[in-house]
Amino acid sequence: MLGQSSQITFLGTGTSVGVPVIGCNCEVCMSQDSKNKRLRSSIYVELAGISFLIDAGPDIRQQSLRAGLTQLDAVLITHIHTDHIAGFDDLRAFCWRREIPLPIYSHQETLEKLSKTFHWGFGDTPYPGYLSVEANSVTKTFQLSPQVQVTPLLVEHGSVVTYGYRVDCFHHDLKIQSWAYISDVKNISTQTLEKMQNLDLLIIDGLRWVEHPSHFNIEQAITLIDQLALPQAYLTHISHEVEHNDLLSQLPDYIKPAYDGLTVKLVKNNE
Ligand SMILES: [Zn+2]
Ligand SMILES: [Zn+2]
Ligand SMILES: [Zn+2]
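Structure representation (structure tokens):
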């Protein structure tokens, strides 16, 4: 039994500076609507008895407390930009409750940079009470658990190696068995697009309306969603140039802007 708890929780849906932006008095930054308050992008996934994070940015402590997280079995890191890794050391609290190091998965280059920045958490002799992780370099599909399969999706985003992740769990209790999360992307190769076939759900970078040198704008996100004929998609990594309800009203009904605290149930409704 998968229980009721197979779900994705959006811990943060904001771009690198978060929303509101420090010192900005634009309409979105001044908005009282909680859906316009975006911490840095990250998701927490509970699936088939395990739980994992994708990214641990500077807000991860606050996000973990807000979502009431107690359990963490693994962390997938997309890329080395600060808004995705700055809170890495705060994962130490999860390490205290574990017998063995916390497994981290990413591209080799990302792991090397991460291990330089947070060197005390890596290696065979971690300091007691601090971060203690096991680095796993991945390029191909791997089993995160016997039931959960993950495929790294290499994408173009600025000058750093960047992954999105596809997650598959072929359990009959699930209505969403195959989904992908790509928070930061400017371009996707045909090789990666081939790995994105037959998804039930896509969570994708939809930074703003205006084009950006290293991110999808909203139009590019919609184009990809339609190209893949996806039944359901959420936009994330959203800037202060986008007002939640305004964006919602302009999207087709199968695409929605994600917001902090949103949970997407992966299990069938009647189970
Ligand atoms: Zn980012
Ligand atoms: Zn603003
Ligand atoms: Zn980035």
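Residue numbering for the sequence shown is 759 to 1029, as defined by my numbering.
Where a beta carbon is used, it is the ideal one built from N, C-alpha and C, also for glycine.
From residue i to residue j, what does the alpha carbon distance come to, in whole angstroms?
i, j, result
"residue 1027", "residue 765", "12 Å"
"residue 837", "residue 801", "14 Å"
"residue 854", "residue 887", "6 Å"
"residue 911", "residue 939", "9 Å"
"residue 785", "residue 994", "19 Å"
"residue 1029", "residue 809", "Residue placement at residue 1029 is poorly supported in this model, since its pLDDT is 47, which falls under 50; the coordinates still yield a value, given next. Rounded to whole angstroms, residue 1029 to residue 809 spans 20 Å at the Cα level."
"residue 794", "residue 781", "16 Å"
"residue 984", "residue 907", "25 Å"
"residue 987", "residue 1015", "18 Å"
"residue 949", "residue 1010", "28 Å"
"residue 865", "residue 919", "8 Å"
"residue 1019", "residue 972", "26 Å"
Quick one: is residue i near chain D, going by C-beta distance under 8 Å?
i, result
"residue 935", "In summary, chain D is missing from the structure at hand, where a single protein chain is found."
Which residues does DSSP pair with residue i in a beta bridge?
i, result
"residue 907", "901 and 926"
"residue 1003", "Per DSSP, none; premise fails for residue 1003."
"residue 772", "798 and 996"
"residue 892", "861"
"residue 1023", "765"
"residue 937", "925 and 959"
"residue 777", "796"
Would the beta-carbon of residue i fall within 8 Å of that of residue j?
i, j, result
"residue 1025", "residue 932", "yes"
"residue 798", "residue 815", "yes"
"residue 963", "residue 937", "no"
"residue 846", "residue 876", "yes"
"residue 835", "residue 868", "yes"
"residue 945", "residue 914", "yes"
"residue 767", "residue 825", "yes"
"residue 927", "residue 806", "yes"
"residue 743", "residue 923", "Lying before the first or after the last residue shown, residue 743 is absent from the chain, which here runs from 759 to 1029."
"residue 1013", "residue 961", "no"
"residue 992", "residue 1002", "no"
"residue 996", "residue 965", "yes"
"residue 891", "residue 880", "yes"
"residue 839", "residue 917", "no"
"residue 1000", "residue 967", "yes"
"residue 821", "residue 772", "no"
"residue 872", "residue 860", "no"
"residue 777", "residue 998", "yes"
"residue 909", "residue 953", "yes"
Checklist entry - Mind pulling the beta strand (DSSP E) runs of 3 or more residues that sit fully within the segment 840-867? => result 860-864
Item to check | Lining residues of ligand 3 - beta-carbon closer than 5 Å to any non-hydrogen atom, in sequence order | outcome: The set, ordered by position in the chain, is 839 and 942.
Checklist entry - Which residues are close to ligand 2, meaning CB closer than 5 Å to any heavy atom, in chain order? => result 779, 782, 784, 787 and 998
Next on the checklist: What ranges does the alpha helix (DSSP H) occupy inside the segment 946-1014, keeping only unbroken runs of at least 4 residues that lie completely in it?
Outcome noted: 948-952, 976-985 and 1002-1008
Next on the checklist: To test your reading of the DSSP string, which unbroken beta strand (DSSP E) runs of 3 or more residues are found completely within the segment 802-840?
Outcome noted: Entirely contained in the segment 802-840, the beta strand (DSSP E) runs reaching 3 residues are, in chain order, 808-812 and 832-834.
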